[in-house]
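In the order they appear, the protein sequences are chains D and B. If you count the first sequence from 1, position 185 lands on 185 in my numbering, and the numbers rise without skipping. To convert a position in the second sequence, counted from 1, into my numbering, add 305. So the structure is just underneath, and the comments pick up after that.
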Amino acid sequence: MRRFLAGRLAFALALVLVAYVGVYLLTGLAPGDAAGDHMGSEATLALQRARLGLDRPLLERLASRLWQLPTLDLGTSARFGQPVLALVAQRAASTVQAGAAALLLALALGIPAGVLAARSSSSVVRHGIATLSVLLLSLPALVMALLLLVLTSGTGLPSLVLMVIALALPAAALLERLQARALHGVLRDPCLTAARARGVPAAQVTWHHAWPLSVPAVLGLAGVIAGQLLSGALAIELVAVRSGLGLLTFDALQARDVELAAACAAAVALIVSVVSLSADALQLWLDPRVSIANDDAAADGYPAR
Amino acid sequence: MKRLASLLLVALLVIVGLWWLASDRQAPGTAELIATLRSEPGSLNRLLAVDRASLVVSQLLHEPLVRVHHVTQSLEPALAEAWTTLDEGRRVRLTLRSGARFSDGSAITADDVVFSLAAAYDPRVASPLVDSLTVDGAPLVARALDARTLELTYPAPYGPGLRPLHALPILPRSRYASLVTDGTLAAAWALNAPADGMVGAGPFVLARHDPGVAIHLARNPHYWRVADEGTQLPRVGRLRLDIVPSQDAEMLRLREGQADVITSELRADDLPEARALAAQGRLQLFELGPALEADMLWFNLRPPSPPRTGTRPPVDGRAWLRSRELREAISHAVDRASFINAVYRGAGVQVSGMITPGNHRWHASAIAPRPYSLAMAGELLDRVGVRDRNGDGVREDITNRPAQFTLLVQQGHTVRRRAALVLQDALAKVGLRVEIASLDARGLQERMAAGTYEAIYHALPGSDTDPSGLMEFWLSSGRFHLWHPGQSTPATPWEAELDRLMTRQLSMTDEAERQRTVGQAQTLLDRELPVIVFAVPRVTIATSARLTHVAPGLLAPQVLWNAAEIGTR
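Below is the structure:
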């Protein structure tokens, strides 16, 4: 188990590094640079480029940044004139705050809805939940946020609440679909058939026996849900008036702020990796079979899952 | 045990979540003035400001020697209460206002002005103000005569006089001299820097910054300005600048009374709703007339690369794209009235040049837009060999290829995109095919600088109304000489003439003569049409009804330029 987690940790660090370098190069190679687009002369522009370090080749800038990375010196943002690390940390905190609250809300809505959709005897309930989930999943995050903004305007609803709801609803829909399918899968397990044959009440079979067995399948996609929450954050931050990592990334890309854009991408990769890793660890803790399966796979010469 | 631990974990997370939600609530019933910004400023110092948000906030924190009155567009005293022009405009003697103080209570002296000007020229600061403060390639020289008097010496007679100084923030030497020397001035004025390290002479001081959410300003108790009735300004105690990244969200805030002022004028699509809200007494609207900034169409007029020596030059089938006749034909082919209806929903004015009627002093009213005439447009195109040779409704160039070009517009800019579609339709009527491609603003600028485009529909970055602020556009060597920037020598006789006229007007101290010369330059520009302007929108500003003493002008920031005077009911 430790080897498995160590492997995932190494993968997460590599992912963060790849995201950083990739976005650094892509932003640096995009047309235009971070020097101001004001009505200035070539000479003034050259001075500003020199001040921002843009007069050095991109690869040289990247190499020196990577050299300073172990000390967490991510440079200074050309757009905001502030240290990149502090800027990203502030905004990441805001996004994680909203994302965590949205995840909680999504779990609170999605898991019971999934169980209900899988176990309800009423086809109206089953189909109703499934249709609502598909509808929520197919609505773009921006449309969802605008819809909520219009519906709640004048209510004085704080921007964080608006953002949490807009982020949580599609995630809840995804969780509902995952939960319903996972539950369908485990209900055919012989242990549950045996429990029903012994006269255990249906609700107890569902919540005490079937649901814990289905949780690992849902947890396995935690990284995907975290990614969905982060990608939805940008669109929602635009209308919910709450500047987090999404809007900061947007600003950085628009301003061709290479250091900031790369750091934002690395932060997003880090958050998704941490969520995935935590979900894996939780899955291992809840279901020892996963650990055994990984150890068996490693012993057979196959890579652990 | 595991189940209990899981329950406790979930409960803990819910409690933390609720605490977060509670901490987000804003204090209700605040009596401050609330405005919006589209993004956070890059710097709070005008010496370093380039983005629009920085320009707005730095105007609130700093005070110049003179300021541009945004309604009259003329210069008026600020920290300098009077000045005398000497030696035929080569020297100006300024007297500072008695008792003027910085926000830390220290007196503003002539030495601080000398320091601030020197800081603007310091290469370690790399200030974008350098260009406007440079005359004939040399800096202005400031000399303190006593604590309240200083003398400015110009390298040559300079028509705009003190005008460029409206952007120069006056900073205390005692505070910032060492920061300029060690190159850390920018860090001291970054948004995350301590507020007590920011000393200016503007109406407000930085109180607090909520990253990504709002900038809170408080009244500067030492601000010099006093209202006509004797009230010490600023009238409001606090000013909050909320970061609202989209105009849709800004409009919602204005409608719901959560913002008093928004970043820019109303969009044509928002006007009907705003008028209804004004009728209900929830908003006040100000009609300011034609906008200052014009969107324009221009073609890449750089000559093609010369052929290698000894080889015969190939037939240039695209030469018609650089012809004056094409530009003239386009100007005739677009029905400006329909253009206004489609692009600005009827709220626009037909114009012919890039100095619009909104620029009261410098607009050449004698130049009229070209009449709408498809026949004239067709005749002009025939003249450059662009004809419909196969009768399919699309003209062909001299190499028999369809006459088409790619028009670049800014991605996400609804009005320009709409205008590009109108142009596409209008030009199809005279047999020209237009492909529209979108790029973000930086990409567009890069294409323009590299000359890798055929046509662009865009605008110049905002500047002052005085033509001296647009020299990078007018001069053939300029970076914003849109159609052919950065020329070492003027490529055409008319560009040489444009250079001559615009350089001459800078040295004219007689205002009327200067206006005549700039008028001649505009006439020349209209004759050669390197940029084609069709119309500009009429500007309508909306503020909440609770504001008093609002005097919006066309120059940005339209409302907050006199934030000190604005009060609440």
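Glycine is no exception: its CB is placed at the ideal position from the N, C-alpha and C atoms.
**Report entry** Those residues which DSSP pairs with residue 846 of chain B across a bridge
**Finding:** B:591
Query raised in the report: If we count Cβ pairs, one from each stretch, closer than 8 Å, do we get three or more for the segment 741-748 of chain B versus the segment 769-780 of chain B?
Result: no
Query - Range of the contiguous alpha helix (DSSP H) that encloses residue 824 of chain B - result: 816-833
Query - Which listed residue (B:620, B:606 and B:605) has its alpha carbon closest to that of residue 248 of chain B - result: Residue 248 of chain B is absent from the structure shown; chain B starts at 306 and stops at 874.
Requested in this report: Examine the ligand NAP and report whether any of its heavy atoms sits within less than 7 Å of the Cβ of residue 802 of chain B.
Outcome: Among the ligands in the structure shown, none appear at all, so the ligand NAP cannot be discussed.
Query raised in the report: So which residues on chain D does residue 714 of chain B lean against when the C-beta distance must stay under 7 Å?
Result: Neighbours of residue 714 of chain B on chain D: none; closest Cβ ~15 Å, over 7 Å.
Requested in this report: Could you check what DSSP says for residue 27 of chain D in three-state terms: helix, strand or coil?
Outcome: helix
Query raised in the report: Which of the three DSSP states, helix, strand or coil, is assigned to residue 636 of chain B?
Result: helix
**Report entry** DSSP state of residue 802 of chain B mapped onto helix, strand, coil
**Finding:** helix
Query raised in the report: Cβ atoms of residue 470 of chain B and residue 663 of chain B: under 8 Å apart, would you say?
Result: no
Report task. Please report how far the alpha carbon of residue 103 of chain D lies from the alpha carbon of residue 152 of chain D, in whole angstroms. Result -> 21 Å
Query raised in the report: So, is the C-beta of residue 251 of chain D closer than 8 Å to a C-beta in chain B?
Result: yes
Query raised in the report: With 8 Å set as the bound, which would you pick, yes or no: does the beta-carbon of residue 663 of chain B sit closer than that to a beta-carbon of chain D?
Result: no
Requested in this report: Answer yes or no: do residue 353 of chain B and residue 432 of chain B have a C-beta to C-beta separation smaller than 8 Å?
Outcome: yes
**Report entry** Under 9 Å from the C-beta of residue 497 of chain B: neighbouring residues of chain D
**Finding:** 80, 81, 82, 83, 86, 87 and 90
Query - For residue 653 of chain B, the first and last residue of its enclosing alpha helix (DSSP H) - result: Element bounds for residue 653 of chain B: not the alpha helix (DSSP H) but the beta strand (DSSP E), 653-655.
Query raised in the report: Can you name, in chain order, every residue of its own chain whose Cβ lies under 6 Å from the Cβ of residue 806 of chain B, other than the five neighbours on each side?
Result: 822, 825 and 826
Query - residue 836 of chain B vs residue 787 of chain B beta-carbon contact at 8 Å - result: yes
**Report entry** residue 539 of chain B classed as buried or exposed, judged by whether at least 16 other C-beta atoms fall within 10 angstroms
**Finding:** buried
Requested in this report: Tell me, please, whether the segment 782-797 of chain B touches the segment 40-59 of chain D by the rule of three or more beta-carbon pairs shorter than 8 Å.
Outcome: yes
Query raised in the report: Are there 16 or more other CB atoms within 10 angstroms of the CB of residue 525 of chain B, so buried, or fewer, so exposed?
Result: buried
Query raised in the report: Would residue 804 of chain B be called buried (16 or more neighbouring beta carbons within 10 Å of its own) or exposed?
Result: buried
Query raised in the report: By Cβ distance below 6 Å, which residues in the same chain neighbour residue 410 of chain B in space, the five residues on each side in sequence not counted?
Result: 527
**Report entry** Contact with chain D by residue 516 of chain B, beta-carbon distance below 8 Å
**Finding:** yes
**Report entry** alpha helix (DSSP H) runs wholly inside the segment 754-813 of chain B, at least 4 long, in chain order
**Finding:** 776-779 and 798-811
Report task. Flag residue 587 of chain B as yes if its beta-carbon sits less than 8 Å from any beta-carbon of chain D, otherwise no. Result -> no
Query raised in the report: So which residues of chain D does residue 510 of chain B contact, with C-beta pairs closer than 7 Å?
Result: Near residue 510 of chain B there are no residues of chain D at all, since even the closest Cβ is about 19 Å away, more than 7 Å.
Query raised in the report: Alpha carbon to alpha carbon, what distance is there between residue 635 of chain B and residue 626 of chain B?
Result: 11 Å
**Report entry** Neighbourhood of residue 477 of chain B by C-beta distance below 7 Å, restricted to the same chain and skipping five residues each side
**Finding:** 407, 411, 417 and 504
**Report entry** Residue from D:269, D:196, D:176 and D:178 with nearest C-alpha to residue 209 of chain D
**Finding:** D:196
**Report entry** Contact under 8 Å by Cβ, residue 546 of chain B with residue 362 of chain B
**Finding:** yes
Query raised in the report: Roughly how many angstroms lie between the CA atoms of residue 816 of chain B and residue 464 of chain B, to the nearest whole one?
Result: 7 Å
Requested in this report: Closer than 9 Å, Cβ to Cβ, to anything on chain D: give me those residues from the segment 482-506 of chain B, in chain order.
Outcome: 488, 491, 492, 494, 495, 496, 497 and 498
Query raised in the report: Straight-line CA distance for residue 830 of chain B to residue 675 of chain B?
Result: 13 Å
Query raised in the report: By DSSP, does residue 433 of chain B sit in helix, in strand, or in coil?
Result: coil
Query raised in the report: Can you name the residues of chain D whose CB is closer than 8 Å to the CB of residue 777 of chain B?
Result: 39, 40 and 41
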